[in-house]
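Okay, so here's the structure we're looking at.
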Amino acid sequence: MIGSIVEMGGHCAPDIGKVYCECGSIVDLDRSFINLKRKLGKPIECPTCRNNRISHDIDALDRHFFGDEDEE
Numbered sequence: 173m174i175g176s177i178v179e180m181g182g183h184c185a186p187d188i189g190k191v192y193c194e195c196g197s198i199v200d201l202d203r204s205f206i207n208l209k210r211k212l213g214k215p216i217e218c219p220t221c222r223n224n225r226i227s228h229d230i231d232a233l234d235r236h237f238f239g240d241e242d243e244e
């Protein structure tokens with residue numbers, strides 16, 4: 173399951189959960205953050221995927237509001 177807590181053993185603090193991201197990476201995230209994202213129905217992503225998604229969203233908003241630079 174994408175964005176699910178994976179119990180992997182190891183020496184993590186009890187308030188840290190391991191999350192399997194869509195890209196295949198396993199990251200340590202705070203359990204309160206994970207629970208909040210789940211309650212809101214949002215995907216749980218690794219920092220790299222999150223940054224890429226935000227970058228694409230910003231580019232899409234720029235194109236929507238300012239148009240393409242080639243249209244001048």
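The working numbering applies: residue 173 is where the sequence shown begins, and numbers increase by one. All residues carry an ideal CB built from backbone N, CA and C; glycine is no exception. Note that the structure is a prediction, hence the values are computed from the model and not measured.
Contact belief for residue i with residue j at Cβ below 8 Å, rounded distance in angstroms
i: L201; j: G189; result: 6 Å
i: R225; j: E217; result: 7 Å
Assigned secondary structure, residue i (DSSP; H/G/I helix, E/B strand, else coil)
i: I216; result: coil
i: D240; result: coil
i: D187; result: coil
i: C221; result: helix
Beta-carbon proximity list for residue i, same chain, < 6 Å, skipping 5 on both sides
i: I174; result: For I174, the predicted model reports a pLDDT of 49, less than 50, meaning its position is unreliable; a value from the coordinates is still stated below. Contacts found: E194.
i: R203; result: D187 and G189
Identified DSSP bridge partners for residue i
i: L201; result: G189
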